[in-house]
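Let me begin by presenting the structure, written as structure tokens, before commenting on it.
Protein chains: 4
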Amino acid sequence: MSRIAFIGLGNMGGPMAANLLKAGYSVQVFDLSFAAVATAVAAGAAAAANAAEAVAGAQIVISMLPASRHVEGLYLGDSGLLAVIEPGALIIDCSTIAPACAQKVAQAANARGVDMIDAPVSGGTAGAAAGTLTFIVGGEAAALERAREVLQAMGKNIFHVGANGAGQVAKLCNNMALGVIMAATGEALALGVAHGLDPKVLSQMMAVSTSRSWATEVCNPWPNVLDNTPASRGYSGGFGNDLMLKDLGLAAEAAMGIGASIPLGELARNLYAMNSQAGRGALDFSSVVKLVAKDA
Amino acid sequence: MSRIAFIGLGNMGGPMAANLLKAGYSVQVFDLSFAAVATAVAAGAAAAANAAEAVAGAQIVISMLPASRHVEGLYLGDSGLLAVIEPGALIIDCSTIAPACAQKVAQAANARGVDMIDAPVSGGTAGAAAGTLTFIVGGEAAALERAREVLQAMGKNIFHVGANGAGQVAKLCNNMALGVIMAATGEALALGVAHGLDPKVLSQMMAVSTSRSWATEVCNPWPNVLDNTPASRGYSGGFGNDLMLKDLGLAAEAAMGIGASIPLGELARNLYAMNSQAGRGALDFSSVVKLVAKDA
Amino acid sequence: MSRIAFIGLGNMGGPMAANLLKAGYSVQVFDLSFAAVATAVAAGAAAAANAAEAVAGAQIVISMLPASRHVEGLYLGDSGLLAVIEPGALIIDCSTIAPACAQKVAQAANARGVDMIDAPVSGGTAGAAAGTLTFIVGGEAAALERAREVLQAMGKNIFHVGANGAGQVAKLCNNMALGVIMAATGEALALGVAHGLDPKVLSQMMAVSTSRSWATEVCNPWPNVLDNTPASRGYSGGFGNDLMLKDLGLAAEAAMGIGASIPLGELARNLYAMNSQAGRGALDFSSVVKLVAKDA
Amino acid sequence: MSRIAFIGLGNMGGPMAANLLKAGYSVQVFDLSFAAVATAVAAGAAAAANAAEAVAGAQIVISMLPASRHVEGLYLGDSGLLAVIEPGALIIDCSTIAPACAQKVAQAANARGVDMIDAPVSGGTAGAAAGTLTFIVGGEAAALERAREVLQAMGKNIFHVGANGAGQVAKLCNNMALGVIMAATGEALALGVAHGLDPKVLSQMMAVSTSRSWATEVCNPWPNVLDNTPASRGYSGGFGNDLMLKDLGLAAEAAMGIGASIPLGELARNLYAMNSQAGRGALDFSSVVKLVAKDA
Chain L
1233 MSRIAFIGLG NMGGPMAANL LKAGYSVQVF DLSFAAVATA VAAGAAAAAN
1283 AAEAVAGAQI VISMLPASRH VEGLYLGDSG LLAVIEPGAL IIDCSTIAPA
1333 CAQKVAQAAN ARGVDMIDAP VSGGTAGAAA GTLTFIVGGE AAALERAREV
1383 LQAMGKNIFH VGANGAGQVA KLCNNMALGV IMAATGEALA LGVAHGLDPK
1433 VLSQMMAVST SRSWATEVCN PWPNVLDNTP ASRGYSGGFG NDLMLKDLGL
1483 AAEAAMGIGA SIPLGELARN LYAMNSQAGR GALDFSSVVK LVAKDA
Chain D
1233 MSRIAFIGLG NMGGPMAANL LKAGYSVQVF DLSFAAVATA VAAGAAAAAN
1283 AAEAVAGAQI VISMLPASRH VEGLYLGDSG LLAVIEPGAL IIDCSTIAPA
1333 CAQKVAQAAN ARGVDMIDAP VSGGTAGAAA GTLTFIVGGE AAALERAREV
1383 LQAMGKNIFH VGANGAGQVA KLCNNMALGV IMAATGEALA LGVAHGLDPK
1433 VLSQMMAVST SRSWATEVCN PWPNVLDNTP ASRGYSGGFG NDLMLKDLGL
1483 AAEAAMGIGA SIPLGELARN LYAMNSQAGR GALDFSSVVK LVAKDA
Chain E
1233 MSRIAFIGLG NMGGPMAANL LKAGYSVQVF DLSFAAVATA VAAGAAAAAN
1283 AAEAVAGAQI VISMLPASRH VEGLYLGDSG LLAVIEPGAL IIDCSTIAPA
1333 CAQKVAQAAN ARGVDMIDAP VSGGTAGAAA GTLTFIVGGE AAALERAREV
1383 LQAMGKNIFH VGANGAGQVA KLCNNMALGV IMAATGEALA LGVAHGLDPK
1433 VLSQMMAVST SRSWATEVCN PWPNVLDNTP ASRGYSGGFG NDLMLKDLGL
1483 AAEAAMGIGA SIPLGELARN LYAMNSQAGR GALDFSSVVK LVAKDA
Chain Y
1233 MSRIAFIGLG NMGGPMAANL LKAGYSVQVF DLSFAAVATA VAAGAAAAAN
1283 AAEAVAGAQI VISMLPASRH VEGLYLGDSG LLAVIEPGAL IIDCSTIAPA
1333 CAQKVAQAAN ARGVDMIDAP VSGGTAGAAA GTLTFIVGGE AAALERAREV
1383 LQAMGKNIFH VGANGAGQVA KLCNNMALGV IMAATGEALA LGVAHGLDPK
1433 VLSQMMAVST SRSWATEVCN PWPNVLDNTP ASRGYSGGFG NDLMLKDLGL
1483 AAEAAMGIGA SIPLGELARN LYAMNSQAGR GALDFSSVVK LVAKDA
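Protein chains in written order, with the numbering used here: chain L, 1233 to 1528; chain D, 1233 to 1528; chain E, 1233 to 1528; chain Y, 1233 to 1528.
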């Protein structure tokens, strides 16, 4: 089995690495947080002192980082990992970043004889823990085949949507639609409640009607409609408002770069920005409902 | 079994009446279109010369009309049906109309000893034909119980969401969210396609991810992604753009009446209005994607 | 000189009546507020016990009321003023109301031999006090000529924009554009300030550039950019957020009634609704800037 | 008097250079268009074979280019002008570009002993021809003083709004507000006309009311309301839709970079994007009114 380096052990990366260990892989990890590294070591990982040490001898390098600049910083530049990753290795970047950044790093990797795929995920922290993530992959088909077994240890669905960067584009399309759907579902529930409807009954109806979505069925934004939702625990946990804001910003940049119009997507971006300014940036993104329903 | 009067045999009312006949009910029908009446008669209905004749002797009166003014015109006023419907009868209005109008007609009905529920539907023409509609009911619980058997002959799910008018509010909440979701899904697909993605692959990924919805899975707005969608037959059939525009207008009025904010809902209303002005008012509402994707 | 009845002595009506008195007119006044009546009486008006008494013997009846329902309530119905206003009199309604309501009351007035014009105003409380209001008139040209001298005692500009109701439509067009311009100016100032610009210098530049407007030059939404603005006194005084919200609601209704699209106008409506929900409904409408700039 | 190099002789740069020549300056020009160079030569300029030749011996270098990438390409890189501009010279960049780009080039210039100010303009082609432009300047006060005399030969107002990049931020604030104001004015006129109002009378009223703006008074978007507007000549000439789209994109990037919300600004960006997709990208930006008024 391949030796794997895993860089970035946050809310997503941590459980993903744990699933690789469970599947029997040898995994060298690095993260700036000692606590995160310690958790991985307890699960069987080998700790590396820095990212360069982590990739030494690895056939597969997986990164799960917050934003484009972290990915560029990790791989490119004089002290970037591309200078030390062995030719013939494969990089799987699971971060959600700008498509242009994914293409840029992939080109630099290819120039050094290293394969790379962008493989951002859908499924959230729950999917990461359960090993049921969806991987949305951009890159060469052959590179994906090399990655498939490893991806299957962390997820359930794999979609190959195109060349390098395409995974990021598709992820942004999904998250943009999700951001709009969540905020629109919040508007609908707020409107119903303001007219005296029971949010639970309204949600049950919507969940089997044409407006059904992950936002009504799984992560309902109204408190106490479903158990185990961020909304039912003060909007804690889940997918942070400012992460959705970041993804909608990436979608807007992707649209502006080609003159596309995404009127609902950009309005949603502004709603999440206002929600952040209202002090809810660190809460789950479903807290955007509070913009239109003070009592939610 | 109750004798039923059915007023309004359009794209929805026609198949609904047919399902009542199939279930063995005696149904007297009226519609301004001779062709619609003829189809119902062929299926076993009795034709009435006018609405008043249709309700003579009926214990249950069902109406399925385009807008508030038609419902008010049918029941209220000097020559309205409330003057001839027998006390003790039950009115089931399945039209999608303003909640205030539903309340007004119900009050007038009650004053004459006639029960009434508002029971707008979700499920479209396909659901009407298959007898799998969802009924979203506002009114007294006892009145709903009187209607239940009849509703079950036409649909699968029945939600009792509150007092008279509440069915309309809930329907508007569903359709508002649906209108936003459809247009946002169109934006996401258009953004992906403009970046070189295959709309079919992108839709398949979204359909199992967090942005999944009726708009990705059932009525995908991109041509040739799914069979049997309006989009795959030139946006013909389905739920007309101008009907969605009407519903979003009703939602906006419901919001304005109580000072609520529905930023995405009202932006969507404007998108469907622009789509109508672009000459696509009679096409399926998923044609709104053409606003942001000329080649769709 | 005509005897005038003046109904509605609020922030606008009070100073308007005072200007009529200054011009030498005999004015009978009515308002639900004793204090408002007392102020008018101190300025020379005659107090009436109710609206019907106020219009007794008046050739001209002026009303300045909050909303459509007040105007309908005043003139129509069994105890409405149309039952007691003398045939041959002229009604000048200066309220900002729904165009359809203005038309309805005018028709009822005409049916009783009473002329009527809708004459909503622009210029705010400052313009009302200074007698520099702009009157935006709908109705017959002959009726406007009968009113002209009286209007000139209260204002500076008179625009005849069409038949009954047209004054209201034009007023809504103005206020809709104003509502958008104010919020957009707030966005621009907030963006500049967040990038380190001085709001005063930025405003001075904008005030002589292509984005110049009443919002940069007269009622700047940023505190302490101009003296004597609501923004510089905690957003008190001025034109209330909820009045702008009302006018944008009327504009939205006017658009929905004919299938028109006003995407920016309806988005602005939602911004003012959110500003109201944030507790700023009674403040000047320029406080909408606080939605995008917490420190403003 | 200083010797000036002028790079970029388009619709704006051409007349600006002509005004410098009129004021007696010695001007060496370069543009990729022979015709543009020939016009400048006929007005007294000296033609240079390329940009590097144009700046030889120049104390002041003025650039007026379409976008960030052109400015970066002109000054930076191995064959960029900074390698040949004489230390002690002053660069005045009048292009509208990203603030971050203006800062980057200024830093590189300073590192080589060259002063630089960003001085984007407001006033359009008419202002460029008449020498009445407004310059919105970011950079050191001392550098602005060196530039002042030259700027006064091309414009009327000079605003110093902050350090390098601040001129670009302020310009974007102005143009973002302008973009919203123009589209909102179009919505208001379209709404009025759809209700039977005369666009000329409505515009005259608005122009002296609280919604007055450059869009009602100078560049009215409705055809034949004012003479000499783009709208009155088929939306030709003026400030192109796609240039406004570019500026709104820069404003959106400036907002996203700091998490700011500009809901109206981004909606306007989408309206201009849709107007471009409708085939009106090269027309004046006031043609955005056609999105909501087919007959305009």
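The beta carbon of each residue, even a glycine, is placed where N, CA and C say it ideally should be. As the structure is a computational prediction, the values presented were derived from the model and not from experiment.
First through last residue of the beta strand (DSSP E) which encompasses residue i
i	result
residue 1336 of chain Y	No beta strand (DSSP E) contains residue 1336 of chain Y, which is instead part of the alpha helix (DSSP H) from 1331-1343.
residue 1388 of chain L	1387-1394
residue 1349 of chain Y	1347-1350
residue 1216 of chain L	Absent from the structure is residue 1216 of chain L, since the part of chain L shown begins at 1233 and ends at 1528.
Close beta carbons around residue i, own chain, < 6 Å, minus the five adjacent residues each side
i	result
residue 1435 of chain Y	1448, 1452 and 1457
residue 1461 of chain Y	1451 and 1452
residue 1307 of chain Y	1313, 1314 and 1337
residue 1525 of chain L	1422
residue 1250 of chain Y	1275
residue 1467 of chain D	1515, 1516 and 1519
residue 1237 of chain L	1260, 1286, 1287, 1290 and 1293
residue 1297 of chain Y	1240, 1303 and 1327
residue 1507 of chain Y	1473, 1520 and 1523
residue 1245 of chain D	1296
Residues bridged to residue i [DSSP beta-bridge criterion]
i	result
residue 1239 of chain E	E:1262 and E:1295
residue 1353 of chain L	L:1367
residue 1205 of chain Y	Absent from the model: residue 1205 of chain Y. The displayed extent of chain Y is 1233 to 1528, so no value can be given.
residue 1288 of chain L	Residue 1288 of chain L pairs with nothing; no bridge assigned.
residue 1279 of chain Y	Y:1261
Beta-carbon proximity list for residue i, same chain, < 7 Å, skipping 5 on both sides
i	result
residue 1471 of chain D	1356, 1516 and 1517
residue 1486 of chain L	1331, 1401 and 1404
residue 1263 of chain Y	1240, 1241 and 1269
Span of the alpha helix (DSSP H) around residue i
i	result
residue 1324 of chain E	Run containing residue 1324 of chain E: none in the alpha helix (DSSP H); it sits in the beta strand (DSSP E), 1322-1325.
residue 1302 of chain D	1300-1307
residue 1418 of chain Y	1398-1426
residue 1360 of chain D	1356-1362
residue 1384 of chain D	1373-1384
residue 1247 of chain Y	1245-1254
residue 1499 of chain Y	1495-1507
Chain-order list of residues whose beta-carbon lies under 8 Å from that of residue i (same chain, five-residue window excluded)
i	result
residue 1481 of chain D	1501
residue 1322 of chain L	1291, 1292, 1293, 1346, 1347, 1348, 1349, 1375, 1378 and 1379
residue 1382 of chain Y	1234, 1236, 1252, 1257, 1292, 1294 and 1324
Residue i: CB within 8 Å of a non-hydrogen atom of the ligand ADP
i	result
residue 1351 of chain E	With respect to the ligand ADP, the structure offers nothing, as it holds no ligand at all.
Using a Cβ-Cβ cut-off of less than 8 Å, list which residues of the region 1458-1479 of chain E approach chain Y; keep chain order. Under the 8 Å Cβ criterion, the region 1458-1479 of chain E contributes no residue.
When Cβ atoms are compared, which residues of the region 1374-1392 of chain D fall closer than 7 Å to chain L? Hits within the stretch, in order: 1389 and 1391.
Going along the region 1430-1443 of chain D in order, which residues come within less than 9 Å of chain L, judged by CB to CB distance? For the region 1430-1443 of chain D, the set of residues with a beta-carbon nearer than 9 Å to any beta-carbon of chain L comprises 1430, 1433, 1434, 1436, 1437, 1438, 1440, 1441, 1442 and 1443, in chain order.
My parser needs the alpha helix (DSSP H) runs of 4 or more residues fully inside the region 1423-1482 of chain D; what are they? Counting whole runs of 4 or more residues, the region 1423-1482 of chain D contains the alpha helix (DSSP H) stretches 1431-1439 and 1446-1449.
For the region 1480-1506 of chain L, which residues have a CB atom closer than 9 Å to at least one CB atom of chain E, in sequence order? Those residues of the region 1480-1506 of chain L placed with their C-beta closer than 9 Å to a C-beta in chain E are 1495, 1499, 1502, 1505 and 1506, ordered along the chain.
Below 8 Å between beta carbons is the criterion; list the residues of the region 1404-1420 of chain Y that meet it against any residue of chain E, in chain order. Contacts with chain E (Cβ-Cβ distance below 8 Å) from the region 1404-1420 of chain Y involve 1404, 1405, 1406, 1407, 1408, 1409, 1410, 1412, 1413, 1415, 1416, 1417, 1419 and 1420, listed in chain order.
Output, in sequence order along the chain, the residues in the region 1243-1268 of chain L whose CB is closer than 8 Å to any CB in chain E. So nothing in the stretch comes that close.
Could you run through the region 1506-1517 of chain Y and flag, in chain order, every residue whose CB is less than 7 Å away from some CB of chain L? Within the region 1506-1517 of chain Y, the qualifying residues are 1506, 1508 and 1509.
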